[in-house]
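> Residue numbers for the sequence shown follow the numbering used here, so the first one is 1 and each next one is one higher. I have a structure here, written as structure tokens, and I will follow up with some questions on it.
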Amino acid sequence: MEPHAYSIVRNQFKKAPRAIQDLLLSPKLTESLKTITAKHTQDKEKRDAVENEVMMVLLGLESLNDLEANLTEEGSFTQEQAIHIAQDITLSIILPVENELRVFLQKELATSEENIPLSAENNAEESPEKEMGRQAEGVEIEKIKNLLRENRKTVSVKNIVANLK
Numbered sequence: 001m002e003p004h005a006y007s008i009v010r011n012q013f014k015k016a017p018r019a020i021q022d023l024l025l026s027p028k029l030t031e032s033l034k035t036i037t038a039k040h041t042q043d044k045e046k047r048d049a050v051e052n053e054v055m056m057v058l059l060g061l062e063s064l065n066d067l068e069a070n071l072t073e074e075g076s077f078t079q080e081q082a083i084h085i086a087q088d089i090t091l092s093i094i095l096p097v098e099n100e101l102r103v104f105l106q107k108e109l110a111t112s113e114e115n116i117p118l119s120a121e122n123n124a125e126e127s128p129e130k131e132m133g134r135q136a137e138g139v140e141i142e143k144i145k146n147l148l149r150e151n152r153k154t155v156s157v158k159n160i161v162a163n164l165k
């Protein structure tokens, strides 16, 4: 996998609140994910997709609001299955760190939205070099998310995080 993907995950981990970092490194997260996925599917590829999507939410790379849609798209779950899985994830994984996660995601999503200019006039005072850098960073994050999804069979986000210890 591209070294830049590791760098992005490492940076996101470092930016995460302590409660999120602890959760990401906790065996409890692994057990919760196993329990949830075993309840909904025996397909390893689908289980890996659930794990990856949850890890990306916890790292602030994806919005919690997009979890159901991402499970449907990336995990090939039906909409009904995705709803049930997302509910289980929310109850057992998200609720204990909800406040920290909400603040973290709001901050991360605001930062990523800043990377995408709404119009030329909003960025008139910004130098073209700075604007291009911010746009490139937003595009780079999207590429990394796609890379993490495409390579989840060989390198999971969870394994990357585990190696950050």
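C-beta: ideal position from N, C-alpha, C; glycine also.
Give the secondary structure of Arg152 by DSSP, where H, G and I count as helix, E and B as strand, and everything else as coil.
In this structure, Arg152 counts as coil in the three-state DSSP scheme.
> Distance, Cα to Cα, Ser76 vs Gln106?
27 Å
> Count the other CB atoms, across all protein chains shown, that sit within 10 Å of the CB of Ala16; report buried if there are 16 or more and exposed otherwise.
buried
> Evaluate Glu45 with the Cβ neighbour count: other Cβ atoms within 10 Å of its Cβ, from every protein chain shown; 16 or more gives buried, anything less gives exposed.
exposed
> Which of the three DSSP states, helix, strand or coil, is assigned to Pro27?
helix
> Hey, quick one: how far does the alpha helix (DSSP H) through Ile8 stretch, first residue to last?
3-15
> Look at the alpha carbon of Leu24 and the alpha carbon of Gln81, and state the distance between them as a whole number of angstroms.
24 Å
> If contacts are defined as beta-carbon pairs under 8 Å, then Arg160 and Glu100 qualify, I think. What distance do you get, rounded to the angstrom?
Looking at the sequence shown, residue 160 is not Arg but Ile. 21 Å between Cβ atoms; not a contact.
> With the cut-off set at 8 Å, would you say Ser156 and Asp48 are in Cβ contact?
yes
> Which value, in whole angstroms, describes the spacing of the CA atoms of Ile94 and Arg18?
14 Å
> For the alpha helix (DSSP H) containing Pro66, list its first residue and its last residue.
The residue asked about is misnamed: residue 66 is Asp in this sequence, not Pro. Note, Asp66: premise wrong, no alpha helix (DSSP H); not H, not E.
> Should Thr37 go down as buried or exposed, given a rule of 16 or more other Cβ atoms within 10 Å for buried?
buried
> What separation, rounded to the nearest whole angstrom, lies between the Cα atoms of Pro27 and Phe13?
17 Å
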